[in-house]
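Quick note, the sequence shown lines up with residues 64 to 229 if you use my numbering. Comments concern the structure below.
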Amino acid sequence: MGNLSENVIDQTMHPLDLVEEMIAMRDWTQERTRRDQLFAEISGRWCEYHGVFNWVDEIGALQLTFAFDMHTPPERRDSVHELLAVLNERLGIGHFDIGSEDGLPAYRHALLLRGGALSAEQIEDMVDIAVYELDRFYPAFQYVVWGQHSARAAVSSIMFDTVGEA
């Protein structure tokens with residue numbers, strides 16, 4: 064896999080062109096349906112995450128949304144909303160939410176670029192952070208949606224401090 068930052072970035076290129084290049088370098092599935100929208104499937108620790116990158120020209124923002132392939136049954140949505148509140152307290156960047164119609168838990172993040180250019184490193188960081196957070200909290204969603212655990216119990220079961228040295 065090449066390093067995207069080795070490439071000279073043309074500041075006149077569309078931001079999603081750079082995203083498309085980075086995804087191709089990682090051999091992930093993608094589909095550019097419109098100039099301002101790119102769908103992608105990225106490999107995570109637990110599953111494939113399905114998502115979309117949107118460029119919002121009016122505000123100069125790159126938006127990323129990646130969802131778990133996990134529909135939340137209506138009877139578990141209150142518990143998932145509680146989980147979202149607990150998880151979002153632990154996030155420094157981005158947030159989790161759940162689709163009101165499809166019940167899909169998703170991670171969202173936006174990068175504002177007004178007056179500045181998008182760099183390859185920014186895209187790589189944005190995607191790497193998203194995959195990290197999706198992987199980190201996927202088990203908590205599983206515990207709440209399918210294991211019928213409370214949000215606090217689910218988070219407690221996946222959060223632990225490492226003690227000692229390797």
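All residues carry an ideal CB built from backbone N, CA and C; glycine is no exception.
Query: Strand pairing of proline 202, partner residues [DSSP]; Result: None, per the DSSP bridge assignment.
Query: Serine 219 in three-state terms, based on DSSP; Result: helix
Query: Reduced DSSP secondary structure (H/G/I, E/B, other) of arginine 89; Result: coil
Query: Whole-angstrom distance between serine 219 and histidine 77, CA atom to CA atom; Result: 42 Å
Query: Strand pairing of alanine 214, partner residues [DSSP]; Result: Per DSSP, none; premise fails for alanine 214.
Query: The region 80-89 touching the region 181-191, judged by at least three CB pairs closer than 8 Å; Result: yes
Query: Assigned secondary structure, alanine 180 (DSSP; H/G/I helix, E/B strand, else coil); Result: coil
Query: Serine 68 to serine 163 span [Cα, whole Å]; Result: With a pLDDT of only 48 at serine 68, under the threshold of 50, the placement of this residue in the model should not be trusted; the figure read from the coordinates follows. Approximately 38 Å between the Cα atoms of the pair.
Query: Residue from Leu181, Tyr170, Pro136 whose Cα sits closest to the Cα of leucine 150; Result: Tyr170
Query: Residue of Ala183, Gly166, Pro168, Leu167 minimising C-alpha distance to leucine 174; Result: Ala183
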